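J.: Protein sequences appear in the order of chains A and B. With the numbering used here applied, the first sequence has no gaps in its numbers, which climb one by one up to 456 at the end. With the numbering used here applied, the second sequence has no gaps in its numbers, which climb one by one up to 456 at the end. One structure coming up, written as structure tokens, with questions to follow.
Protein chains: 2
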Amino acid sequence: MGSDSPLEGSEPQGSELSQESKSPMGSSLYAKSGVDTGEAEHALSRLLLELAPTQVFGTPSETGVGRSAAVIRVGPVRLALTMNGVGTKLLVAQAAHSYDAVGIDCVALNVNNLLGVGATPLAMLDYIGCEEADPEIFTILGRSLADAARLAEVSIIGGETAQVRDMLRGSAPGRGLDMVGVAIGLVPEGDLLDGSRIEPGDRVIGLASNGIHSNGFSLARTVLLGRFELGCQMPEFGHTLAEELLRPAAIYVEELRALREAGIDVKAAAHISGDGMLNLHRVEAPVGFELTALPAAPPIFRVIEEVGKIDRAEMRVVFNMGVGFALVVPPGEADRALEVLSGCSHAAWCIGHAVADAERRIWIPSEGLVGSSKQFMRDTAEATRAAASS
Amino acid sequence: MGSDSPLEGSEPQGSELSQESKSPMGSSLYAKSGVDTGEAEHALSRLLLELAPTQVFGTPSETGVGRSAAVIRVGPVRLALTMNGVGTKLLVAQAAHSYDAVGIDCVALNVNNLLGVGATPLAMLDYIGCEEADPEIFTILGRSLADAARLAEVSIIGGETAQVRDMLRGSAPGRGLDMVGVAIGLVPEGDLLDGSRIEPGDRVIGLASNGIHSNGFSLARTVLLGRFELGCQMPEFGHTLAEELLRPAAIYVEELRALREAGIDVKAAAHISGDGMLNLHRVEAPVGFELTALPAAPPIFRVIEEVGKIDRAEMRVVFNMGVGFALVVPPGEADRALEVLSGCSHAAWCIGHAVADAERRIWIPSEGLVGSSKQFMRDTAEATRAAASS
Numbered sequence: 067m068g069s070d071s072p073l074e075g076s077e078p079q080g081s082e083l084s085q086e087s088k089s090p091m092g093s094s095l096y097a098k099s100g101v102d103t104g105e106a107e108h109a110l111s112r113l114l115l116e117l118a119p120t121q122v123f124g125t126p127s128e129t130g131v132g133r134s135a136a137v138i139r140v141g142p143v144r145l146a147l148t149m150n151g152v153g154t155k156l157l158v159a160q161a162a163h164s165y166d167a168v169g170i171d172c173v174a175l176n177v178n179n180l181l182g183v184g185a186t187p188l189a190m191l192d193y194i195g196c197e198e199a200d201p202e203i204f205t206i207l208g209r210s211l212a213d214a215a216r217l218a219e220v221s222i223i224g225g226e227t228a229q230v231r232d233m234l235r236g237s238a239p240g241r242g243l244d245m246v247g248v249a250i251g252l253v254p255e256g257d258l259l260d261g262s263r264i265e266p267g268d269r270v271i272g273l274a275s276n277g278i279h280s281n282g283f284s285l286a287r288t289v290l291l292g293r294f295e296l297g298c299q300m301p302e303f304g305h306t307l308a309e310e311l312l313r314p315a316a317i318y319v320e321e322l323r324a325l326r327e328a329g330i331d332v333k334a335a336a337h338i339s340g341d342g343m344l345n346l347h348r349v350e351a352p353v354g355f356e357l358t359a360l361p362a363a364p365p366i367f368r369v370i371e372e373v374g375k376i377d378r379a380e381m382r383v384v385f386n387m388g389v390g391f392a393l394v395v396p397p398g399e400a401d402r403a404l405e406v407l408s409g410c411s412h413a414a415w416c417i418g419h420a421v422a423d424a425e426r427r428i429w430i431p432s433e434g435l436v437g438s439s440k441q442f443m444r445d446t447a448e449a450t451r452a453a454a455s456s
Numbered sequence: 067m068g069s070d071s072p073l074e075g076s077e078p079q080g081s082e083l084s085q086e087s088k089s090p091m092g093s094s095l096y097a098k099s100g101v102d103t104g105e106a107e108h109a110l111s112r113l114l115l116e117l118a119p120t121q122v123f124g125t126p127s128e129t130g131v132g133r134s135a136a137v138i139r140v141g142p143v144r145l146a147l148t149m150n151g152v153g154t155k156l157l158v159a160q161a162a163h164s165y166d167a168v169g170i171d172c173v174a175l176n177v178n179n180l181l182g183v184g185a186t187p188l189a190m191l192d193y194i195g196c197e198e199a200d201p202e203i204f205t206i207l208g209r210s211l212a213d214a215a216r217l218a219e220v221s222i223i224g225g226e227t228a229q230v231r232d233m234l235r236g237s238a239p240g241r242g243l244d245m246v247g248v249a250i251g252l253v254p255e256g257d258l259l260d261g262s263r264i265e266p267g268d269r270v271i272g273l274a275s276n277g278i279h280s281n282g283f284s285l286a287r288t289v290l291l292g293r294f295e296l297g298c299q300m301p302e303f304g305h306t307l308a309e310e311l312l313r314p315a316a317i318y319v320e321e322l323r324a325l326r327e328a329g330i331d332v333k334a335a336a337h338i339s340g341d342g343m344l345n346l347h348r349v350e351a352p353v354g355f356e357l358t359a360l361p362a363a364p365p366i367f368r369v370i371e372e373v374g375k376i377d378r379a380e381m382r383v384v385f386n387m388g389v390g391f392a393l394v395v396p397p398g399e400a401d402r403a404l405e406v407l408s409g410c411s412h413a414a415w416c417i418g419h420a421v422a423d424a425e426r427r428i429w430i431p432s433e434g435l436v437g438s439s440k441q442f443m444r445d446t447a448e449a450t451r452a453a454a455s456s
């Protein structure tokens with residue numbers, strides 16, 4: 067980890083093409099941590115401008131801006147496709163020489179995005195670029211991909227391995243590694259799970275994350291690796307920093323299947339990756355969300371927040387803060403949904419409800435925050451009201 | 067280009083998972099050029115061993131070992147998927163600061179692989195990793211992707227851009243770039259174009275490549291950049307070395323569509339990428355191929371061969387040598403196929419014919435070579451026959 071300069075972090079922009087960028091804005095520490103968001107946003111917008119006209123050349127995507135997967139119709143079936151890389155979590159894996167999580171993250175990132183448009187994952191492909199093809203590491207990568215494929219109920223049907231020594235660098239010479247996944251899923255006929263049917267009063271259910279997943283690693287590395295060794299035992303976590311950072315991302319295929327089989331009317335689903343709860347801003351209906359019962363952020367987030375002196379508003383945009391996936395269900399089905407979910411792998415809570423709001427804002431009253439498309443900020447209206455009533 | 071050490075080249079292994087590796091074996095110069103094929107083969111085999119059991123978790127691939135794309139059935143449709151990175155051609159693009167070709171190559175690599183299983187390309191996604199997101203470069207990347215999407219008749223429906231500064235390196239600091247594409251296509255019902263219907267006497271038609279495409283860049287860089295500057299005007303090419311190396315890969319969608327519309331019975335199709343004409347070894351029928359009328363290798367290949375003192379047998383495995391795609395048609399349809407192809411963008415020639423051979427060997431009599439799954443070698447039987455008859 068010595069070679070991981072805290073000022074050279076990086077972060078997947080996480081931006082599906084034909085979508086707005088998901089990179090956090092307006093964060094001075096984030097800019098320092100290596101993600102030059104202004105320039106990156108500009109570059110991305112130029113790329114998207116060039117790619118937009120291609121929609122007429124072949125089979126266009128049915129999903130508009132801001133969805134977690136592209137959806138195309140092929141004859142009588144609708145398919146969802148998503149492509150995401152593991153990003154700089156790989157640098158921590160290299161430094162700790164622990165690769166068990168990264169294949170799982172590669173699968174999780176992609177299948178959870180499919181779940182976000184209501185698709186059932188079917189299959190994946192993966193790209194592994196490396197400086198040196200180490201058989202031991204490739205075995206662990208393969209095993210972790212296969213473990214995750216079992217959980218996600220997908221076949222890994224293809225991909226590419228490329229030894230591209232001069233193109234990569236890692237935590238130490240020879241360790242450079244990149245890993246990108248693609249997942250394809252089947253979208254049921256009818257509702258695209260775009261949240262168009264959400265009504266005020268509908269409940270938001272959150273599913274527990276397993277650590278920081280693959281989001282916010284730039285900031286996490288900047289804050290933590292400047293201060294702690296990866297092998298450092300951290301009493302807050304009950305294990306080493308490396309073990310905490312390398313917890314494999316949760317896969318929510320089981321939960322979504324259980325809800326479907328139970329006939330729960332899931333009106334929207336959101337993979338809480340980059341942008342945190344702002345992912346709920348993407349629903350079609352003119353509703354916002356009041357998140358009145360978010361779980362306490364797990365220790366890793368509190369450590370990053372305190373050590374890095376990061377604003378809660380920024381923490382809420384960069385990290386999942388303990389909730390890796392969110393669902394919207396009718397109020398009358400929330401209890402039954404929680405009962406169904408109690409038989410699944412990840413903890414589930416009712417964390418809030420929909421409210422009428424044409425601007426689709428996200429309120430976190432306990433933290434005095436309100437969020438729109440790109441950022442959380444102090445809820446001054448709330449502050450004004452509070453002052454007026456005091 | 068000064069920073070492109072000729073001994074640090076690299077090369078996409080080009081190995082579709084659930085396929086045998088396509089990296090060239092037994093080449094001492096190739097090993098020196100950065101592709102440690104023995105170790106890479108071993109690592110890949112370990113990865114594939116771990117991934118094989120995943121076929122039962124979701125939707126398995128219908129294609130076996132050695133096909134250029136995975137094929138899955140989703141309800142009533144059959145889909146082909148392929149995932150390939152541009153590889154170290156990107157380093158030449160960076161050094162020459164010329165990115166017009168790389169988006170085209172990203173599309174070409176992937177859609178040509180779809181054509182190899184008889185699929186019609188529908189859509190693509192792409193991953194762009196970068197050290198720094200430069201708006202000018204992203205504009206050119208987007209434009210080149212869009213230009214290629216038009217030729218390939220695909221929509222670019224999604225993808226990811228990731229600013230992963232610490233994970234990449236390039237021809238100079240800040241220029242690091244990686245680009246990986248995924249293509250999805252529709253496979254018509256019936257024949258998977260696996261060559262199972264090929265009979266001795268069937269004709270092989272070759273389609274002209276446009277330079278070295280994205281294959282063999284490790285060896286090309288090792289040989290050429292140790293001796294020439296990228297900006298060097300080369301009389302053999304009529305332009306600079308950079309311009310020659312950065313010619314965009316040919317896209318053969320137009321040709322395959324024209325043949326289909328004309329009702330030509332294409333029995334097999336092979337994207338001539340890594341492994342060159344050995345890609346024809348993958349057909350299902352017990353046939354080999356005698357390639358008696360290959361076109362003369364274009365100047366770039368002759369220069370690499372002469373300057374690098376590379377064996378022709380190795381050249382034939384690493385490079386396309388002027389033929390970027392091959393088709394097999396019945397003898398009675400070859401003339402009509404050539405007539406149809408004469409109205410398309412790339413030159414087409416009848417380059418040989420199928421012969422009965424359970425070992426599926428590829429003969430190039432004019433060069434005294436015979437090839438099987440992994441390599442070309444001197445055709446000693448031929449030599450023996452020649453000696454006996456002299």
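Beta carbons are placed, not taken as given, at the ideal position from N, Cα and C, and that holds for glycine. In this text the structure is predicted, and so the values were computed from the model without any measurement.
Suppose only complete runs of 4+ residues qualify. What are the alpha helix (DSSP H) ranges in the stretch 165 to 205 of chain B, listed by chain order?
T.: Qualifying alpha helix (DSSP H) stretches, in chain order: 168 to 181.
J.: Helix, strand or coil for B/A334 per DSSP?
T.: As a position in the second sequence, residue 334 of chain B is number 268, starting the count at 1. In the structure shown, B/A334 sits in a strand (DSSP, three-state: E or B).
J.: Which stretch, first to last residue, makes up the alpha helix (DSSP H) that contains A/T288?
T.: For the purposes of this step, residue 288 of chain A is taken as the residue at position 222 of the first sequence. Here the alpha helix (DSSP H) through A/T288 covers F283 to L290.
J.: Is the Cβ of B/K440 closer than 8 Å to any Cβ of chain A?
T.: Residue 440 of chain B sits at position 374 when you count from the first residue of the second sequence. It does not; no Cβ of chain A falls within 8 Å.
J.: For a test of the three-state rule: what should DSSP assign to B/T129, helix, strand or coil?
T.: For the purposes of this step, residue 129 of chain B is taken as the residue at position 63 of the second sequence. B/T129 falls in the coil class under three-state DSSP.
J.: The alpha helix (DSSP H) that contains A/Q160, what's its start and end?
T.: Walking along the first sequence from the start, residue 160 of chain A turns up at place 94. That run of the alpha helix (DSSP H) goes K155 to A162.
J.: Starting from B/S280, find everything on chain A with Cβ-Cβ shorter than 7 Å and list it in chain order.
T.: Mapped onto the second sequence, residue 280 of chain B falls at position 214. Those within 7 Å of B/S280 in chain A number zero; the least Cβ separation is about 11 Å.
J.: Report yes or no: is there a C-beta of chain B within less than 8 Å of the C-beta of A/S127?
T.: Numbered from its first residue, the first sequence carries residue 127 of chain A at position 61. With 8 Å as the cut-off, A/S127 counts as an interface residue toward chain B.
J.: Roughly how many angstroms lie between the CA atoms of A/A212 and A/V168, to the nearest whole one?
T.: Counting from one through the first sequence, the residue named residue 212 of chain A turns up at place 146. Counting from one through the first sequence, the residue named residue 168 of chain A turns up at place 102. Roughly 11 Å separates the two Cα atoms.
J.: In this structure, does DSSP put B/G267 in helix, strand or coil?
T.: The sequence position of residue 267 of chain B within the second sequence is 201, counting from 1. Looking at B/G267 - three-state DSSP - the assignment turns out to be coil, as it is neither helix nor strand.
J.: Measuring only the C-alpha atoms, how far is A/A392 from A/I271?
T.: To locate residue 392 of chain A, count along the first sequence from 1; it is residue 326. To locate residue 271 of chain A, count along the first sequence from 1; it is residue 205. In a straight line, the C-alpha of A/A392 is about 6 Å away from that of A/I271.
J.: Within 10 Å of its beta-carbon, does A/P142 have 16 or more other beta-carbons around it, so buried, or fewer, so exposed?
T.: Within the first sequence, residue 142 of chain A is the residue found at index 76, counting from 1. Its Cβ having fewer than 16 others within 10 Å, A/P142 is exposed.
J.: Answer with yes or no whether the minimum CB distance from B/G256 to chain A is below 8 Å.
T.: As a position in the second sequence, residue 256 of chain B is number 190, starting the count at 1. It does not: the Cβ of B/G256 has no partner Cβ on chain A nearer than 8 Å.
J.: Which residue wins for smallest C-alpha separation from B/R382, given the options B/M443, B/P397 and B/M300?
T.: Sequence index remark: in the second sequence, residue 382 of chain B carries index 316 (1-based). Of the candidates B/M443, B/P397 and B/M300, the one whose C-alpha sits nearest the C-alpha of B/R382 is B/M443.
J.: Check for me: the alpha helix (DSSP H) holding A/A359 runs from which residue to which?
T.: Residue numbering aside, residue 359 of chain A sits at position 293 when the first sequence is read from its first letter. Careful: A/A359 lies outside any alpha helix (DSSP H) and carries neither H nor E.
J.: Got a sec, what are the start and stop residues for the beta strand (DSSP E) B/H414 sits in?
T.: Translated into positions along the second sequence, residue 414 of chain B becomes position 348. According to the sequence shown, residue 414 of chain B is Ala rather than His. It spans A414 to A422 - the beta strand (DSSP E) in which B/A414 sits, taken as one unbroken run.
J.: B/I338 CB to nearest chain A CB: under 8 Å?
T.: Start at 1 with the first residue of the second sequence, and residue 338 of chain B comes out as number 272. It does not; no Cβ of chain A falls within 8 Å.
J.: For chain A, check one thing: does any of its Cβ atoms lie closer than 8 Å to the Cβ of B/S275?
T.: By one-based count along the second sequence, residue 275 of chain B stands at place 209. No, because no Cβ of chain A sits closer than 8 Å to the Cβ of B/S275.
J.: State buried or exposed for B/C298, treating a residue as buried only when at least 16 other CB atoms are found within 10 Å of its CB.
T.: On the second sequence, residue 298 of chain B is found 232 positions in, with the first residue counted as 1. With fewer than 16 other Cβ atoms within 10 Å, it is exposed.
J.: Determine, using beta carbons only, whether B/N150 comes closer than 8 Å to chain A.
T.: Here residue 150 of chain B corresponds to residue number 84 of the second sequence, with the count starting at 1. Judged by the 8 Å Cβ criterion, B/N150 is in contact with chain A.
J.: Indicate the three-state DSSP secondary structure (helix, strand or coil) for B/A118 in the structure shown.
T.: Position 52 of the second sequence, counted from the start, is the residue given in the question as residue 118 of chain B. Correct three-state label for B/A118: helix.
J.: Considering A/M443, what are the terminal residues of the beta strand (DSSP E) in which it resides?
T.: Within the first sequence, the letter at position 377 stands for residue 443 of chain A. Looking at the DSSP string, the run of the beta strand (DSSP E) that includes A/M443 is F442 to R444.
J.: With a threshold of 8 Å between beta carbons, is A/I138 in contact with chain B?
T.: Numbered from its first residue, the first sequence carries residue 138 of chain A at position 72. Cβ-Cβ to chain B under 8 Å: yes for A/I138.
J.: Consult DSSP for B/D260 and reduce its assignment to one of helix, strand or coil.
T.: Counted from its first residue, the second sequence places residue 260 of chain B at position 194. Three-state result, B/D260: strand.
J.: Comparing the C-beta of B/R216 with each C-beta of chain A, is any distance below 8 Å?
T.: By 1-based counting over the second sequence, the position of residue 216 of chain B is 150. Judged by the 8 Å Cβ criterion, B/R216 is in contact with chain A.
J.: DSSP three-state label for B/D232, please.
T.: In the second sequence, residue 232 of chain B corresponds to position 166, counting from 1. In the structure shown, B/D232 sits in a helix (DSSP, three-state: H, G or I).
J.: Strictly under 8 Å for the Cβ-Cβ distance: is A/L191 near chain B by that measure?
T.: As a working note, residue 191 of chain A is residue 125 in the first sequence. Closer than 8 Å to some Cβ of chain B, the Cβ of A/L191 qualifies, so yes.
J.: Where does B/G329 land, buried or exposed, given buried means 16+ other C-beta within 10 angstroms?
T.: On the second sequence, position 263 is the one that residue 329 of chain B refers to. It is exposed - the Cβ of B/G329 has fewer than 16 other Cβ atoms within 10 Å.
J.: When the Cα atoms are used, what is the spatial distance from A/L296 to A/A174?
T.: Against the first sequence, residue 296 of chain A aligns to sequence position 230. Against the first sequence, residue 174 of chain A aligns to sequence position 108. Answer to the nearest angstrom: the Cα atoms are 24 Å apart.
J.: Can you tell me where the beta strand (DSSP E) with A/D244 in it begins and where it stops?
T.: The sequence position of residue 244 of chain A within the first sequence is 178, counting from 1. From DSSP, the beta strand (DSSP E) with A/D244 extends over L243 to V253.
J.: Taking 8 Å as the threshold (beta carbon to beta carbon), is B/K98 in contact with chain A?
T.: In the second sequence, the residue the question calls residue 98 of chain B occupies position 32. Note that B/K98 scores 46 on pLDDT, short of 50, meaning its location in the model is unreliable; the coordinates nonetheless yield the value given after this. Taking Cβ atoms only, chain A never reaches closer than 8 Å to B/K98, which makes this a no.
J.: What do you reckon, are the CB atoms on A/G354 and A/R426 nearer than 8 Å?
T.: The count along the first sequence starts at 1 and reaches residue 354 of chain A at position 288. The count along the first sequence starts at 1 and reaches residue 426 of chain A at position 360. The answer is yes: Cβ separation under 8 Å.
J.: Sort B/L407, B/V406, B/A359 and B/V394 by Cα distance to B/G388 and report the nearest one.
T.: Against the second sequence, residue 388 of chain B aligns to sequence position 322. The shortest C-alpha separation from B/G388 is found at B/A359.
J.: Tell me whether B/S439 sits in a helix, a strand or coil according to DSSP, three-state version.
T.: Mapped onto the second sequence, residue 439 of chain B falls at position 373. Of the three classes helix, strand and coil, the one that applies to B/S439 here is coil, per DSSP.
J.: Counting only beta-carbon separations shorter than 8 Å, does A/Q299 have a partner in chain B?
T.: Mapped onto the first sequence, residue 299 of chain A falls at position 233. No, A/Q299 does not count as interfacial toward chain B.
J.: By the DSSP assignment, the beta strand (DSSP E) with B/V137 in it spans what residues?
T.: Position 71 of the second sequence, counting from 1, holds the residue named residue 137 of chain B. Counting along the chain, the beta strand (DSSP E) containing B/V137 begins and ends at A136 to V140.
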